[in-house]
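Residue numbers (the numbering used here), protein chains in the order written: chain A, 4 to 1059; chain B, 88 to 560. Ideal Cβ placement from N, Cα and C applies to all residues, glycine included. Shown next, in structure tokens, is the structure this report addresses.
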Amino acid sequence: MTNKKLRKHHKPDCFYFSKQKNILCFFLFTLITSMYAQDKVNVQGKITDKNEIPLLGVSVIVKNSTVGTQSDFEGNYTIKAKTGQTLVISFIGMKTIEKVVTNSNIINITLEEDTESLDEVVVVAYGKQTKKSIVGSVASIDSATFEKQQATTVTTALQGTTAGVNVMSVGGQPGSNPIIRIRGFSSINGSNSPLFVVDGAVYNGNINVFSPDQIESISVLKDGSATALYGSRATAGVIIITTKKGRKNTAPKVTLRTQIGVSNHTVEPHKILNIDDQFTYTWEAIKNNEQYVSGNDVTTSATRATSGLLEFIGYNPYGPNVPNPVGIDGNLVTTNKIWETDWRDVIFNGAAIRSEHSFSVSGGNENTTYFLSGNYLNQDGSVKTSNFERITTRLNVDTQANKWLSAGLGVTYSTSQQNVPIQTGGSTTSATAWALSLSPIYPVYQRDENGQLMKDPGGNLIYDLGARSLQLINGTRPYAPNQHAYGQLFFNDQNTIRDNISLNGNIKINLTPELSFKTSVAHTYYVNDYYGYSSNKYGSSVSVGGSITQNKNTSLTTTINNSLSYNKSFGDHSINALLLQEAYKYKYGELSATGQGLIATSNTLGTTTTPTNVSGGDVLHRITSYLGKLSYDYKKKYFVEGSYRTDQSSRFAKHARKGDFYSVGGSWVVSEEPFLKNNNILNYLKLKASYGELGNESHSGYFLYLTPFIAGSYNEGNNPGVLLAWPNDPDITWEEAAATNFGVDFKLFNFFNTSVEYFNKQTNKLFYDVPSAPSTGYSEFTTNNGSLRNYGWEVSINTQNVSNKKFEWSSNFNISTLKSEIIELLNDVNSGDTNLQEGGSRFEFYMREYASVNPDTGEAQWYKDILDTDNKPTGEKEATTDYSSATRYYTGKQSIPDFTGGFNNYFRLGNFDLNILLNYSFGSYLYDSDYALLMNGFKSQGTAASVDLKNRWRQPGDITNVPRLQTSPNSFNSRSDRFLFKNDYVRLKALNFGYNLPKDAIKSFGASALRVYFQGDNLLTFQSHKGVDPEQGFGSSTNQRALGQRIYTFGVKLEF
Amino acid sequence: MKNIKIVLIVLVTFNITSCEKDFLEEPQSTGLPPTVIFKSVEGMEAHVSGMVRWLRIGGSVDAASLNSIYYARSVKGNDIINRQTFFQYDYDHIYRNDPTWRRTTFTWSRLYILIDEANVFIEGAENSNSVPDVSKNPLIAQAKAMRALAYFELALEYQHTYAYDPSLPAPPLYTEPSVNTGPIGMSTIQEIYDFIIEDLTFAVNNLTEDRISKSYVNVNVANGILARVYQTMNNWTGAEEAANKAYGGVPSNALFPGEYNNGFDDITESNEWMWGAIQTEDQNQGWAGAPHVISDHRVLSYYGTFINNDFVDLFTDTDVRKLFRNHYNAAETSYRHWVTDKFDFAFDADIPYMRTPEMILIEAEAKYHNGDTAGAHNLLYALQSNRDVNAIKSSNTGQALLDEILVERRKELYAEFGVEWFDAKRYRKGITRTGNHRVFLDLEPDDVKFILKIPQDEIDANEFIDPNVNLGR
């Protein structure tokens, strides 16, 4: 099975170019029976919005019957009904209205926009609720949001559009998923990732298998009451993804969309010195070495620097006629060069192509609905050869079999292939490490001693591996000899193929009009198939004859639940109850093998001659749960809700397995009270509060309570070998979070919708990897220890600024604040740049404080405490050039932002529309280790150097904060707040400019809507610290990551 | 109708509850419980094998395993020059500067993990009633020998030598599994050495020459470690006896000059090798196998090791150990003048930890200290004449004889376990860099640069260690 074959196999013929569109969905038509029932009178009319724009596809149903129809392009409909019957007219985003059929057989209808959205239904845990009835905190986005940005992974669309959700898209590899944190960081060592639920079932596959056009909505459950029903896995919040379904009594609707884009990079990387400066600066560094470290006089030092320069650099782009490119005066002899390499240009893809094509067909009759979609995506990443290609399909069918039985089935099949060259980290095989920090002195292709390009017998250029030790000049590269991170993009291969099949089936039985029983089974089978090929001709595996690793991981998740639900209204009272039993089963299996010694050009594992590694095993994880929920409201004015869930998880020892979780919440719609009703200024006011206790069982170690002997990795020759794993707490149990939420929703002057929420979430019994003294033989011990508090405000404002027939303008602004505080910790815990202590933040940098350069010596300095005779700090501090003796201080600077959010504006002028989405983040700090490396002052041989070295110390008396250049080892650029930068940014995340062709123009070829548009993603970034993409993850440091992508796309969307 | 509904519901619910009984009781993945290990000889052997493997399991080039600890010592002296590549920070004596840097954290944690594994094993084996003493004592003896080795290396790296002041604070001394004790504070050099001697005494009394392979400890290896320990303690009676037992006492049976230029890569065809890491095609350190990976200039590797002109000059042309070449046609003043072909690099190149010539020279050194000058002459000549047919028997006495023995040690053992550094440290001599070095940095006698700092993560997490323990280091 070669990848090349698969790649071909996976490429679809573009479905939608088929002229026979009916063939596409013919099998669906078999599902649809009698669409149009006939009756007595022909009622007809026109349906428009308040601006008299005809509405297409509005559903018109005769109440309490199976008769229904839809409006056509001009908003016209015809339906047969009897006098006295009621027509129900409904359309998404509009208020549903009812009209009684009178003697007149013409009924024109104007639908009003449902701006209050209070009757809008949102998906919540195990069901749906109107917005008005929600007592907790739920944010949601719908399909309209997806249409206005390139959400290759659907969850990216949450960024900037939902308050309280911090989304970070790191790097430039398409198909990699954004990091999502809901209301902060509830755990320190456990998982902080939200729980994903797709169409009602917990989802463990990769979220990148879904395409945005298949998604109806994403709900984010944030507070205790909203998430409590997923109690045992909900401390980090829940994201519920709901796929699109057909609608009853609608004619088949076909949507085709195609878009082609090209991308470059979000930002420019740090500026670096050119070759000429590299040479003179390196000369200076060697001279300094001789002068200040070895103690030679200036002349000797300069002479030695001139004569030793080429031996130090190894390459001579000035050619053999210039044996000493820099004279003893420190100036270049010539600036004529044979080559100069722009590694960024070589490695980054400045014109990455993205294309996406999709089609969908949906519809339904009075009993059955269907939705079928197919999507093809091919996107190049920001590093050359990086790529993501995906085909995904979704089918949803729901049917009402008879009066008491209904059933539904959803199927997703997705297959994707991702080529992920190493593009993070400082490894010498990382493409980005080369692009961002390799000196331009080193050539891409092999050159002889005279600097001339060399060719193989076939006349081809040869990648310069920099490990030809016999060629004294242009032979040995001091940085990463025998590696070629650019060449290996082509001669090596890192491919991941993912296949995902998800099935959701359910049956619902109405026992009485109020009581129903539902059982559902969800099943996801996910295969992650990694293939790594390391060439037998080039690079690091040559000596073993090449190497192939194949890694096949499968995961199988099955969730079965049975529920009874009861809904009853009597008078002003409504009751809603749910009882549910759930069984969750997860099986993860891994099989990995490596073989070395490839036969000629073979590239399959089976043809390797030496098997070097085999590993594998299964993890089985199970949870059983019982839960109940009861909600009650009085006059749709007072709402109360409570829930309880009990879980047992196999991740804990028998005695620590059980967890109980519950929540309560209530809300009061004040504007329904007589004193506020019909108030012209304050149109709506709702207060709400909730409290819930939640759990988390998730930690990267699967069965933490066990301390087994580990086999497999410690065999000695043919003798089996084992070592004891690091011990953990055998009594370890659930992390517990207590989440409180207060909120107020109000509407002013009929257009200004605001929602304000305050949250406070405290996690107790944290999973804590307590650092252990390494002398104990292990460096950490995982137990339940400490508690953590996250709190903050969320404000979101929606306004309909202008809305008339010609022009429309609406805005959404949201802002969220977050503070994180450690409430309780057994003892202070130091790990690298943080020092956790009670009352502090786990995100505060704790490091040495830079004290600029010693003007006399040019050495870097840091502060250290002056100690008294008992070795206790006196409170005074002094500068020292001895890095290790410098004191680490709390900097008061945090790696998480003070506030984040987004600002969206939508404009429509006639048939043109424009949507602009900005997102922003303020108050965080970033440790820029990439920049620190570029400031190493030629201590790290072969690296590029920042242009900021021009401010370096050069002679005694110089006042600067850039230390002297020096090739011998030194601590000058060691970690300190010198490289800690404020990381504020505002980003034009998405801009969508479209034109909808007039209906008359497209009617002639049978289309109902045709839209052409330009879509721009990440077009502009305004940032306080330039040179790196501001989205660097929450890990507080840069890490030689690929740049993000700025994408320009043109697209067409056609409906008929 | 209603009946059908009920039947349906009951069917579904029944299906689910019936399988729930054992739902949460599931088999656990990879890993064996301690009961399996300590119930049988096979289980115990597997744990000992794991510890043996731990001594050579790979990592980063300068922080792979025991071999990296040894090679880092080699580049701190005068005989070897290191290019700017892995180990350059050791060559520049700077790797010790920061207590968070890899040299100090790696050496510490790598050895302490071995110590805790050995402690767990020794406790588990001693408490096991399923295996008779006769079967388990040789296994306990191996664990104790490895534990002694780990403490010996820790004491060498993290404090002045024993002869300087045995009452100085030394790394913590765990004599049982750390789960029983929690972290403990610093010990003293004297306590550590007493414990090492106790362990090694048990080892030599309970081991024979039998072993699974030459990567395991047998009685000869245990004696060899003991000889090195006594050398450090200036216990010359003990050193003489242990060294003699280690190589068998007959130099001609223990020396094979024809093997010296075999590439130092195959333990099975190297009869002088007493102990080493056996690398195979599927179990190796890859690109981390120092000294081979750093010193071989003929195949792809790091090309890091160059040899000082002054050291090369110590060898006569007829010495089988003179394996130096001017590989790069470099000028005599260039540090790249000489390379050595002593080590052939390949992933499966075995790595030596201990060889018989060392033991012969320890015995010679001990005899010198014990006043047996003739005995020292004989042993020294046994080796010298074996290596060089034109060798002349020494007539040196006193310090000159000792110096000659120490020079012979360097010539024989360079780049293996850091012989020059080891000798300078235990004799409190210092090292002066001469010749064509890339960086001239000297070590004074008892220089603080002979000592690594206590790792910062240890200080941070161990409340029993004074936060100022590194002051003056």
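Is the shortest distance between the beta-carbon of residue i and the beta-carbons of chain A less than 9 angstroms?
i	result
Phe-434 of chain B	yes
Ala-548 of chain B	yes
Ser-300 of chain B	yes
Val-316 of chain B	no
Pro-270 of chain B	yes
Anyone know if the C-beta pair for residue i and residue j falls short of 9 angstroms?
i	j	result
Ala-436 of chain B	Tyr-158 of chain B	no
Gln-262 of chain A	Val-1055 of chain A	yes
Ala-863 of chain A	Tyr-886 of chain A	yes
Asn-793 of chain A	Thr-766 of chain A	yes
Ser-382 of chain B	Phe-432 of chain B	yes
Leu-1000 of chain A	Asn-914 of chain A	yes
Tyr-440 of chain B	Ala-364 of chain B	yes
Gly-698 of chain A	Arg-236 of chain A	yes
Thr-2 of chain A	Gly-178 of chain A	Outside the displayed range of chain A (4 to 1059) lies residue 2 of chain A, so it cannot be described from this structure.
Phe-430 of chain B	Gly-505 of chain B	no
Met-97 of chain A	Glu-77 of chain A	no
Arg-560 of chain B	Ile-541 of chain B	yes
Thr-388 of chain A	Arg-1049 of chain A	no
Ile-289 of chain A	Gly-311 of chain A	yes
Answer with yes or no whether the minimum CB distance from residue i to chain B is below 9 angstroms.
i	result
Asn-788 of chain A	no
Pro-516 of chain A	no
Ala-728 of chain A	yes
Pro-1001 of chain A	no
Tyr-853 of chain A	no
Leu-31 of chain A	Its pLDDT being 32, under 50, Leu-31 of chain A is placed unreliably by the model, and nothing is read from it.
Gly-1038 of chain A	no
Pro-614 of chain A	yes
Where does residue i land, buried or exposed, given buried means 16+ other C-beta within 10 angstroms?
i	result
Thr-133 of chain A	exposed
Asn-555 of chain B	exposed
Glu-129 of chain B	exposed
Asn-25 of chain A	Low local confidence applies: a pLDDT of 37 at Asn-25 of chain A is under 50, so the model's placement there is unreliable, and no value is given.
Thr-1139 of chain A	Beyond the ends of chain A as shown, which are 4 and 1059, falls residue 1139 of chain A; an answer cannot be given.
Asp-734 of chain A	exposed
Gln-455 of chain A	exposed
Glu-503 of chain B	buried
Phe-32 of chain A	Low confidence applies to Phe-32 of chain A: its pLDDT is 33, below 50, so where it sits in the model is not reliable enough to give any reading.
Is residue i near the ligand SAM - that is, is its Cβ less than 8 angstroms away from at least one heavy atom of it?
i	result
Phe-173 of chain B	You won't find the ligand SAM in this model; it holds no ligand whatsoever.
I'd like to know if residue i contacts chain E, where contact means its C-beta is closer than 9 angstroms to some C-beta of that chain.
i	result
Phe-712 of chain A	Among the protein chains of the structure shown, namely A and B, there is no chain E.
Taking contact to mean at least 3 C-beta pairs separated by less than 8 angstroms, is the region 982 to 989 of chain A in contact with the region 877 to 886 of chain A?
Touching, no, given that fewer than three Cβ pairs across the two stretches are closer than 8 angstroms.
Would you check if the region 399 to 415 of chain B and the region 327 to 334 of chain B touch, i.e. whether three or more CB-CB distances between them fall below 8 angstroms?
Segments in contact, no.
Does the pairing of the region 139 to 149 of chain B with the region 174 to 193 of chain B give three or more beta-carbon distances under 8 angstroms?
In this structure the region 139 to 149 of chain B touches the region 174 to 193 of chain B; the number of beta carbon pairs closer than 8 angstroms is three or more.
Could I get the ranges of all uninterrupted beta strand (DSSP E) runs contained in the region 910 to 988 of chain A, with 3 residues as the minimum, in chain order?
915 to 925, 928 to 930 and 983 to 985, all fully within the region 910 to 988 of chain A.
Taking 8 angstroms as the cut-off, does the region 584 to 597 of chain A touch the region 616 to 627 of chain A (at least 3 CB pairs, one atom from each stretch)?
The way I'd put it, the region 616 to 627 of chain A does touch the region 584 to 597 of chain A; three or more beta-carbon pairs between them come closer than 8 angstroms.
State whether the region 891 to 909 of chain A contacts the region 1007 to 1025 of chain A, with contact taken as three or more CB pairs (one from each stretch) at a distance under 8 angstroms.
Fewer than three Cβ pairs drawn from the region 891 to 909 of chain A and the region 1007 to 1025 of chain A lie within less than 8 angstroms of each other, which leaves the two stretches out of contact.
For the region 228 to 241 of chain B against the region 127 to 144 of chain B, are there 3 or more C-beta pairs whose distance is under 8 angstroms?
In short, these stretches touch, since the Cβ pair count reaches three.
Within the chosen definition, does the region 357 to 372 of chain A reach the region 250 to 265 of chain A through at least 3 CB pairs nearer than 8 angstroms?
Taking a cut-off of 8 angstroms for Cβ pairs, the region 357 to 372 of chain A and the region 250 to 265 of chain A touch, as three or more such pairs fall below it.
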